[in-house]
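Residue numbers for the sequence shown follow this note's numbering, beginning at 746 and rising by one.
Using N, Cα and C, we set each Cβ at its ideal position, and we do this for glycine too.
Below is one structure, written out as structure tokens, with a few remarks after it.
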Amino acid sequence: MGFRLFLASIRAAILRFCAGKTAARARLPGTRVASTAVPPVPADAPEVAPASISEPGPAHAESPSMPERRDPLGAESAPDEHVEPAAIVAAPDPDAERLLARCARLQAQMLDFTGRLADMEQQVRSYEQQQFLALGDVVGECLRLRREYLDLKAERSGAAADREQARQAEADFDAYRRSTAHTPAPRPELDDDEQDELRRLYRAAAMRCHPDRAEEAERAEAHDVFLRVQAAYQARDLAGLRAITAELAGWARKRDDASPVQGSAAPASSAVRRRVAELQTRVADLILAVQTLQLDPAYRRAAQVERWETHFAEARAGFEAECESLREQIAGLASRRS
746 MGFRLFLASI RAAILRFCAG KTAARARLPG TRVASTAVPP VPADAPEVAP ASISEPGPAH
806 AESPSMPERR DPLGAESAPD EHVEPAAIVA APDPDAERLL ARCARLQAQM LDFTGRLADM
866 EQQVRSYEQQ QFLALGDVVG ECLRLRREYL DLKAERSGAA ADREQARQAE ADFDAYRRST
926 AHTPAPRPEL DDDEQDELRR LYRAAAMRCH PDRAEEAERA EAHDVFLRVQ AAYQARDLAG
986 LRAITAELAG WARKRDDASP VQGSAAPASS AVRRRVAELQ TRVADLILAV QTLQLDPAYR
1046 RAAQVERWET HFAEARAGFE AECESLREQI AGLASRRS
């Protein structure tokens, strides 16, 4: 109990000392400080460990500043404005660029082989047209004489084999008459410059409307236009192919105007990989078609343009000789029957 009273007396002395200093500051000229009553320290105040007492600083010393206020964890860094959530960006597909490059190469190969095959087929048609003009009449006469001779032979012999030959000769002659009844008009002759323009326009149009290059939704329409392009090219219709090319250019402009350029996600690797597989199959089919046509005797004859006249002359001589032989045989059968 005595020790507590001793501590209380020390606290009271400190308070009186501080009160005296305060009173001294209050007596400074031009300064008015209100007196503050200091409450007495209760006798039962809790014990504290003795602490060293430092002498107060001069009267003009600044009072200690209040401790800095700390916001809760992370509160001071939070901005007042609303922050939109960050956009989720898909990681780039490491295979996409390689697959797209492969797809572009296959499309170029497809167009190249498509044009090459069309050139070869056009060469064969040109040969066949010139062949018909040179040999059409003699071929028709030869087929008519074959039918007449085999009919007489079957009638005379009555053999089943002769009747079958006569039936086949009749079918061949009927087929020839039907084909010549709807013979298309001769294709126009083009000079070298016009032929080059025809080929250039065909390749440009095929590149724009080839079904294998079109989107799924436009593939049917592209197929129809591609058939028109093929028909114009095969008929050497330069004016028609010019019109189709201009039409395709107009469609492309309208599509670009209706679809402003916007950023779009790159196609997934799985979709591009399927497209690559489709193009590989298409290119393989075109290569096979080109190689097959190269081995066809008709194309080999058609490719030798410088020998066309020789071929036609030799063929005509052969048909004329056969016609003469058939006339003789028909005359012989007719004489025996009479």
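query: Between F858 and the rest of its own chain, which residues show a CB-CB distance below 7 Å, the 5 nearest in sequence each way excluded?; result: V1028, L1031, I1032 and V1035
query: Please work out which residues of its chain come closer than 6 Å, Cβ to Cβ, to L1038, disregarding the five sequence neighbours upstream and downstream, and give them in chain order.; result: M865 and Y1044
query: Rounding to the nearest angstrom, what Cα-Cα distance links R843 and V1017 in this structure?; result: 10 Å
query: State the DSSP-derived secondary structure class of Q910, mapped to helix, strand or coil.; result: helix
query: Going by C-alpha to C-alpha distance, which of Q940, R953 and E961 sits closest to L983?; result: Q940
query: Pick from Q1025, R1046, R1061 and Q975: whose alpha carbon is nearest that of L862?; result: Q975
query: Within a Cβ cutoff of 6 Å, which residues of the same chain sit near A868, ignoring the five residues on either side of it in sequence?; result: According to the sequence displayed, residue 868 carries Gln and not Ala. Excluding sequence neighbours, Q868 sits near A1047.
query: Give me the Cα-Cα distance between F971 and D1041, rounded to the nearest whole angstrom.; result: 26 Å
query: Could you say if the segment 935-950 and the segment 896-914 meet the contact criterion of at least three C-beta pairs nearer than 8 Å?; result: no
query: If contacts are defined as beta-carbon pairs under 8 Å, then D969 and M855 qualify, I think. What distance do you get, rounded to the angstrom?; result: D969 to M855, Cβ: 19 Å. No contact.
query: Going by other Cβ atoms of all chains shown within 10 Å of its Cβ, with 16 needed for buried, is A697 buried or exposed?; result: With the chain covering 746 to 1083 only, the question about residue 697 has no answer from this structure.
query: L935 to R870, Cα distance in whole Å?; result: 15 Å
query: Would you identify the three-state DSSP class for E1059, choosing helix, strand or coil?; result: helix
query: Measuring CA to CA, which of C1068, R1072, L897 and R1081 is closest to V883?; result: C1068
query: Start and end of the alpha helix (DSSP H) containing D1041?; result: Segment: none, D1041 is in no alpha helix (DSSP H) and carries neither H nor E.
query: Should L888 and D907 be called a contact, given that it needs their Cβ atoms to be closer than 8 Å?; result: no
query: Please classify T925 as buried or exposed, where buried requires at least 16 other C-beta atoms within 10 Å of its C-beta.; result: exposed
query: Between L890 and A1079, is the Cβ-Cβ spacing less than 8 Å?; result: no
query: In this structure, how does DSSP classify A899 when only helix, strand and coil are distinguished?; result: helix
query: Terminal residues of the continuous alpha helix (DSSP H) containing E966?; result: R964 to Q979
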